[in-house]
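FYI, our numbering numbers position 21 of the sequence shown as 21, with every residue one higher than the one before it. Glycine included, every Cβ here is placed at the ideal spot set by N, Cα and C. Data block below; observations after.
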Amino acid sequence: MDNPHKIGYDLEVLDRPGLTLRPPGIAGLQAQLCQLGSLCFEPLPNYQVFEASSGAALDDKIIVVAKQDGQLIAFLSTVVLPISDLDDPVIHTGLTVIHPDHRQSGVIHSLFAALFLHLFSLYPKGIWLSTLSRIITSLGHIATYTTNVFPSPQWDKDYPLAGPSDAHTLIAREINTQHREKMLILPEARFDEETFVFRAPKYTLFGPACIDDSKDPRYEHRNPKLTEYYRKLLQSPGDEVLQISYFNPEFTFEKGAQVLAKL
């Protein structure tokens, strides 16, 4: 059966809109994002683009929005993170929100494709990325579309017993010490430098309705090896994997073309 929501999305990239839009424009954009977010989170967390009390909530975000017939149906909000000793920032893939009726539409591929094209225009030689998640599909997407991913099965295969590189460790340590609040990392979560997992016994910040069980088959990646790999890292309900990877335009666009050809 054909999916009626598979095509017809209008995509727009908003690069740090808090620095370019006037206050009414910022308020209007944030209201749209919160309206969609309220369909997915109960209650809506005071986090990232939903942080209405902060006048600077959109200052460090690169946001990709997808609309259909003028209505916002999905968005991807990344955070631009300054990292000491790196010339360029790290882009944290952050928050992806999709209308419940469109979650099987493939719009997530369109969101990331637009993001990667924008990053290519800014950093044609590539840039480091970070991802924090306990959702297997999210971790699997990054492991598929980017390079030098730690932790990942490919890294373990290429560099057995080596652990993360100096660059991975530099970025991860600074995230742990300087950027926990931007990623909504629990204060009690302990960072495991060997596995790059923030370990906590329970996850409560978004409430029970927003927890995707890592063992739930609905959130398995299509590659069973990736599903098995990341499940082993997620030992407790509060654990989250910190992925550090590199956006290599040539690799990512080739992979993306292969996947889109199969949709």
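Residues in the same chain with beta-carbon distance under 6 Å from residue i, minus the five sequence neighbours each way, listed in chain order, please.
i    : result
S121 : none
P164 : F150
F266 : Nothing can be reported for residue 266: it is not among the residues displayed for the chain, which extend from 1 to 263.
A182 : It should be pointed out that residue 182 corresponds to Lys in this sequence rather than to Ala. For K182, where only same-chain residues beyond five positions count, the Cβ hits under 6 Å are V79.
I62  : D15, T78
Q132 : According to the sequence as given, residue 132 is Leu; it is not Gln. So the list reads M183, E240, L242, once near-sequence residues are dropped.
Could you tell me the boundaries of the alpha helix (DSSP H) in which residue i lies?
i    : result
R190 : Where R190 is concerned, there is no enclosing alpha helix (DSSP H), although the beta strand (DSSP E) it sits in stretches over 190 to 192.
Q154 : 153 to 158
Y145 : 136 to 145
S110 : 107 to 122
L44  : Run containing L44: none; DSSP gives neither H nor E here.
K182 : No alpha helix (DSSP H) holds K182; DSSP gives it neither H nor E.
E228 : 224 to 233
Secondary structure at residue i, three-state DSSP: helix, strand or coil?
i    : result
L76  : strand
T252 : helix
K292 : Absent from the structure is residue 292, since the part of the chain shown begins at 1 and ends at 263.
L95  : strand
T20  : coil
F198 : strand
L29  : helix
L14  : strand
I211 : Annotation note: pLDDT 48 at I211 (below 50); position unreliable, coordinate value reported separately. Coil at I211, not helix or strand.
A150 : The sequence shown places Phe at residue 150, not Ala. In the structure shown, F150 sits in a strand (DSSP, three-state: E or B).
K287 : Here the chain has residues from 1 to 263 only, and residue 287 is not among them.
A162 : coil
L81  : strand
L170 : helix
Q68  : strand
L86  : coil
Kindly indicate which residue of the options has the alpha-carbon position closest to the one of residue i.
i    : options                : result
G168 : D158, Q154, A189, E193 : The residue asked about is misnamed: residue 168 is His in this sequence, not Gly. If we check each option's Cα against that of H168, E193 comes out closest.
H99  : A143, S38, D158, D60   : S38
A52  : G28, S105, A66         : G28
Y230 : L11, I142, D87, L184   : I142
L170 : R180, L86, L132        : L86
D10  : I73, A261, K61, P124   : I73
Q71  : T131, T227, G8, I91    : G8
K157 : T20, F75, F112, L226   : L226
V65  : I91, Q32, K202, P23    : Q32
N148 : P249, A113, P201       : P249
P224 : H92, T144, F112        : T144
V107 : R199, F75, H92         : F75
S84  : H179, I185, P187       : H179
S110 : P124, Y123, Q68        : Q68
Got a sec? Which residues, its chain only, sit under 8 Å from residue i by beta carbon, not counting five neighbours each side?
i    : result
F196 : F150, P151, P164, H168, A172, V241, L242, Q243, I244
R222 : G140
I91  : I62, T78, V79, V80, L81, L119, I127, W128, L129, S130, F247
Taking residue i as part of the beta strand (DSSP E), name the residues at either end of that continuous run.
i    : result
E240 : 240 to 247
Could you pull out every residue in the same chain whose Cβ sits closer than 7 Å to the Cβ of residue i, ignoring the five residues on either side in sequence?
i    : result
P82  : P89
F247 : F116, L119, G126, I127, L129, T146
Q48  : S77, G94, L95
P201 : S236, G238
D60  : R16, V79, V80
E12  : V65
L97  : Reading off the sequence shown, one finds Val at residue 97, where the question assumed Leu. Hits under 7 Å: L36, G37, C40, A74, F75.
Across the region 245 to 258 and the region 170 to 188, are there enough close Cβ pairs to call them in contact, namely three or more that are closer than 8 Å?
Touching, no, given that fewer than three Cβ pairs across the two stretches are closer than 8 Å.
Are three or more beta carbon pairs between the region 223 to 234 and the region 136 to 147 nearer than 8 Å?
Cβ pair count under 8 Å is three or more, so yes.
Three or more C-beta pairs under 8 Å: does that hold for the region 10 to 19 against the region 34 to 44?
The region 10 to 19 makes no contact with the region 34 to 44: fewer than 3 CB pairs, one atom from each, lie closer than 8 Å.
At least three beta-carbon pairs within less than 8 Å, the region 55 to 63 to the region 150 to 159
By the Cβ criterion, the region 55 to 63 is not in contact with the region 150 to 159, since fewer than three pairs of Cβ atoms, one from each stretch, lie closer than 8 Å.
Please confirm if the region 100 to 115 is in contact with the region 184 to 192, defined as three or more CB-CB distances below 8 Å between the two stretches.
Output reads no: the region 184 to 192 does not touch the region 100 to 115.
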